[in-house]
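Peer 1: Mind having a look at this structure? Questions to follow.
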Amino acid sequence: MIGRGQGNRVSASASPLPRRPSPARRRRRLGEVALGYALLAPAVILLLVFEFYPLGLGFRISTCDWRLGCAKFVGAENYIRAFKDPDMWHALMITATYSAISVPVQLGLALLFAYLLFQRIRGMQVFRMLYFMPYITSTVASAAVWAYLFSPDIGPINKFLESIGLPGQRWLSETRGIIPLFFSYFGIQTPPWLKGPSLALLSLIIYTTWVFVGYDIVIFLAGLGNIPKELYDAARVDGASGWTLFWHITWPLLSATTFFLLLITVIGTFKAFNHIYVMTLGGPGNATTTASIYIFNQMVSYNRYGYSAALSFIVFFIILILTIIQNQVAGRRVIYD
Amino acid sequence: MIRRVIRRRRVSFNRVLIYAVLILGAIVSAAPFVYMILGSLKSYGSVITNKFWPWWPFGDEPVQWQNYPEAIETIGTDVQWGIPLFYRYLFNSVLVAGVTVAGTLATSIMAAYTLAFIDVPGKNILFIGILATLMIPADLTLVPKVVMMFRFKWYNTYLALTVPFLVSVFGIFLLRQFFMQIPKDLYDAAQIDGAGHLLYLSQVVVPISRPAVITVALLNFIWSWDSFRWPLLVTRDSGMRVLAVGLQQFLAGEGGTKTHLLMAFATMVVLPVLVFYFFTQKHFTEGISRTGIKG
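If you read the sequences in order, they're chains A and B. Here our numbering is used: the first sequence runs in plain steps of one and ends on residue 348. Here our numbering is used: the second sequence runs in plain steps of one and ends on residue 405.
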């Protein structure tokens, strides 16, 4: 794949005696190589300075008590501290919950809508455009609007719920779990250990779903378009229809797309920051303090650069391990054509 | 005969159900935008009491166009330049997005050209090295990059907002893939006509690759317009903020209670991009489905 077909360009158009090129040719070849490097240089230098170098610097910072510079080398102390820090475990749990709910919800909805859109729908382009709209909108702006949609007092969501006879909720400012909230509506007391995610976190998940489903739909549609039509026709001749077609043709042949989206969405949920910061700042309390919010706060509010660099590495390794597990578990079942 | 009629009716019922679900999805996608735009034209009282349409013919409220100038006034004044802060935010956002898009295009096109057409020693290793940076998540390098900005004395300057984003691996990769589909004969023909690499690049390769170039430009523009955490971290003065940061600060401050003004501010941030999107949406969706890169 790399360097396909043009590796021999120079020699192919060169003299019939390739072993001893004339000085003029050699000069031209040197000029070409110099030009090649010159064209590559800006991109490569920028990547070295802003990607590779920070990787090393970040690791160095994580081994320091960092105050404008490495005030004291502390070795693995920041990492050890992280493992003993209950707030960090809490943040990781919040992140994991956020991810575990929003990934299947997002992908399930996206697959449903993409599959429906694929049924020769009139106005398919218009639907796709509308679904994709939240993704291209500035996150801060849409998160600010959603903060008002969720508002307990003046928000339209509560107004709507009340108009159909359901109780209004405190949404983004509700720290109670959704399971006791749900059952308390029917007057049932749930045991205190049975909480479920807080409604505040669920509200963020609703927002995330709203933003990213359109993106996932576009990718699923591309995957659906790659499935050969003849397969469906052949199966229909054999009398298959509806669900049978979906389970025996669409689902297996879409597995590469689904797997790709799964990887990207899990990573995306672990990185989520902007909308959480805008809508809740990680609160109320620490109900929505995900790992990325926690790392940010450690750096900005407490000036703990070393600690927050160490936390970044820990989260990175968790994502890495998750990716490897996904590759092992799901990757094997993927069918590539 | 009867069976056929029943079957057709069932099929059309399915059709109706499909359309109902799709339309419901479209309503949910669009509703927050509708709420935002309508809210920006209502009085504060109408927003907080959730009057959907307080204007003629269902109500007697005039359309509150003055929310927009009022929002701009409430956001404050930029002491440095003596202009309303909103215009400074807008200037900063446009400047950062413009420089980022132009710079990214330049570095990506140049690098992609070498990777696709010029046979330099160590090319494959360089290409793998470039792709490897995709594995480095931005979160991992956030702390050291902030430290670097202080060391370079770039903190609170436009350099910090633009220079780290003048390169895009996604752009390099997408353009290289596109360049490699250009037939080799074209280059030979250009060489016979006496055109060197640079002339070939600017006169043939870039014009042919317009769709890919536009996709890279659009996506980088959206990402730049959307960036929030980085500008929040590396700027201090209100005059250095971009729109996204300004909007968040407004929400956390005065806009938190003046809902109608916040909606006006949010509309001014979102609407230009939305209008832009309506005219170019094919490039967005095609670019994304071709590469599957997430911002």
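Every residue gets a Cβ at the ideal spot worked out from N, C-alpha and C, and that includes glycine.
Can we say the region 63–80 of chain A touches the region 238–250 of chain B, given the rule of at least three CB pairs closer than 8 Å?
Peer 2: Yes, they touch.
Peer 1: Please decide whether Val197/B counts as near chain A, where near means a Cβ-Cβ distance under 8 Å.
Peer 2: Looking at the sequence itself, residue 197/B is Tyr, so the reference to Val does not match. False, the Cβ-Cβ gap to chain A never drops below 8 Å.
Peer 1: Please list the segments of the beta strand (DSSP E) lying wholly inside the region 26–91 of chain A, counting only runs of 3 or more residues, in order along the chain.
Peer 2: Qualifying beta strand (DSSP E) stretches, in chain order: 75–78, 80–84.
Peer 1: Taking 8 Å as the cut-off, does the region 293–311 of chain A touch the region 104–116 of chain A (at least 3 CB pairs, one atom from each stretch)?
Peer 2: Touching, yes.
Peer 1: Of all the CB atoms in chain A, is at least one closer than 8 Å to the CB of Ser312/B?
Peer 2: So, not an interface residue.
Peer 1: Helix, strand or coil for Asp188/B? Go by DSSP, reduced to three states.
Peer 2: Looking at Asp188/B - three-state DSSP - the assignment turns out to be strand.
Peer 1: Could you pull out every residue in the same chain whose Cβ sits closer than 7 Å to the Cβ of Met111/B, ignoring the five residues on either side in sequence?
Peer 2: For Met111/B, the pLDDT reaches just 47, beneath the cut-off of 50, and the residue's location in the model is therefore unreliable, although a value from the coordinates is still provided. Taken in chain order, the list of residues that qualify is empty.
Peer 1: Using a Cβ-Cβ cut-off of 8 Å, state whether Asn285/A counts as contacting chain B.
Peer 2: For Asn285/A, the answer is yes, since a Cβ of chain B falls inside 8 Å of its Cβ.
Peer 1: On a CA-only basis, which of Leu68/A, Asn338/A, Met290/A is nearest Leu183/A? Give me that one, please.
Peer 2: Among Leu68/A, Asn338/A, Met290/A, the Cα nearest to that of Leu183/A belongs to Met290/A.
Peer 1: In whole angstroms, give me the CA-to-CA distance for Phe280/B and Val316/B.
Peer 2: C-alpha separation (whole angstroms): 17 Å.
Peer 1: With C-beta atoms as the reference, is Thr217/B less than 8 Å away from Ala54/A?
Peer 2: Yes.
Peer 1: Here's a check: name, in chain order, each residue in its chain whose Cβ is nearer than 7 Å to the Cβ of Thr186/A, leaving out the five neighbours to either side.
Peer 2: Hits under 7 Å: Ser209, Ala211, Pro295, Gly296, Ala298.
Peer 1: Given a cut-off of 8 Å, decide if Phe327/A and Leu250/B are closer than it, judged by their beta-carbon atoms.
Peer 2: Yes; because the gap between Cβ atoms is below 8 Å, this pair is in contact.
Peer 1: Using DSSP bridges, identify the partner residues of Ile193/B.
Peer 2: Bridge partners of Ile193/B: Asp188/B.
Peer 1: Rounded to whole angstroms, what's the CA-CA distance from Phe375/B to Gln117/A? Just pull it up for me.
Peer 2: Approximately 29 Å between the Cα atoms of the pair.
Peer 1: Determine the burial state of Asn308/A: buried for a count of at least 16 other Cβ atoms within 10 Å of its Cβ, exposed for fewer.
Peer 2: With 16 or more other Cβ atoms within 10 Å, it is buried.
Peer 1: Leaving out the 5 sequence neighbours to the left and right, which residues in its chain are closer than 8 Å to Phe143/B when beta-carbon positions are compared?
Peer 2: Val380, Leu384, listed in sequence order.
Peer 1: Taking only beta-carbon atoms, is Pro194/B less than 8 Å away from chain A?
Peer 2: No, Pro194/B does not count as interfacial toward chain A.
Peer 1: Can you give me, in chain order, the residues of the region 251–268 of chain B that have a beta carbon less than 8 Å from any beta carbon in chain A?
Peer 2: If the cut-off is 8 Å between Cβ atoms, the region 251–268 of chain B has Thr251, Leu252, Val253, Pro254, Lys255, Val256, Val257, Met258, Phe260 near chain A.
Peer 1: For my contact list, Leu51/A and Thr214/B are in at a C-beta cut-off of 8 Å; report their separation, rounded to the angstrom.
Peer 2: Actually they do not touch by this definition, with Cβ atoms about 15 Å apart.
Peer 1: I believe Gly69/A touches Ala320/A by the beta-carbon criterion, under 8 Å. Please report the beta-carbon distance rounded to the nearest angstrom.
Peer 2: The pair is a contact, with the Cβ atoms about 5 Å apart (cut-off 8 Å).
Peer 1: Tell me, to the nearest whole angstrom, how far the beta carbon of Thr159/B is from that of Glu364/B; I am working on the premise that it is less than 8 Å.
Peer 2: Between Glu364/B and Thr159/B the Cβ distance is about 21 Å, and since that is not below 8 Å, they are no contact.
Peer 1: Using a Cβ-Cβ cut-off of 8 Å, state whether Ile336/A counts as contacting chain B.
Peer 2: By this cut-off, Ile336/A is not an interface position.
Peer 1: Taking the beta carbon of Asn237/A as the centre, do at least 16 other beta carbons fall within 10 Å, making it buried, or is it exposed?
Peer 2: Burial call: exposed.
Peer 1: Can you tell me which of the three DSSP states Val176/A falls into?
Peer 2: According to the sequence displayed, residue 176/A carries Gly and not Val. Gly176/A: coil per DSSP, three-state reduction.
Peer 1: Under 7 Å between beta-carbons, which chain B residues line up against Leu215/A? List them in chain order, please.
Peer 2: Result: empty, since nearest Cβ-Cβ is about 15 Å, beyond 7 Å.
Peer 1: Give me the chain A residues within the contact set of Pro247/B, using Cβ-Cβ distance strictly less than 8 Å, ordered along the chain.
Peer 2: Simply Ile278, Lys282, Phe327, Ile330.
Peer 1: Compute the Euclidean distance between the alpha carbons of Leu232/A and Trp191/B, then round it to the nearest angstrom.
Peer 2: Each residue's Cα considered, the two are about 48 Å apart.
Peer 1: Determine, using beta carbons only, whether Ser113/A and Thr334/A come nearer to each other than 8 Å.
Peer 2: For Ser113/A and Thr334/A, no; Cβs fall outside 8 Å.
Peer 1: What are the start and end residues of the alpha helix (DSSP H) that includes Asp227/A?
Peer 2: Its alpha helix (DSSP H) spans residues 210–236.
Peer 1: Are the beta-carbon atoms of Ala212/B and Ile282/B separated by less than 8 Å?
Peer 2: No, the Cβ-Cβ distance between Ala212/B and Ile282/B is not below 8 Å.
Peer 1: If you follow the alpha helix (DSSP H) that Met104/A is part of, which residue opens it and which one closes it?
Peer 2: Where Met104/A is concerned, the enclosing alpha helix (DSSP H) stretches over 97–128.
Peer 1: For a minimum of 4 consecutive residues, which ranges assigned as the alpha helix (DSSP H) are wholly contained in the region 225–308 of chain B?
Peer 2: The region 225–308 of chain B contains these whole alpha helix (DSSP H) runs: 233–242, 252–261, 268–272, 279–289, 294–302.
Peer 1: Is the CB of Met144/A under 8 Å away from at least one CB in chain B?
Peer 2: True, the Cβ-Cβ gap to chain B drops below 8 Å.
Peer 1: Listed in chain order, which residues of the region 326–346 of chain B have Cβ atoms closer than 8 Å to some Cβ of chain A?
Peer 2: Those would be Ile332, Trp335, Asp336, Phe338, Arg339, Leu343, in chain order.
Peer 1: Using a Cβ-Cβ cut-off of 6 Å (strictly less than) and excluding sequence neighbours within five positions of Arg315/A, which residues of its own chain qualify?
Peer 2: Only Gln309 meet the Cβ criterion.
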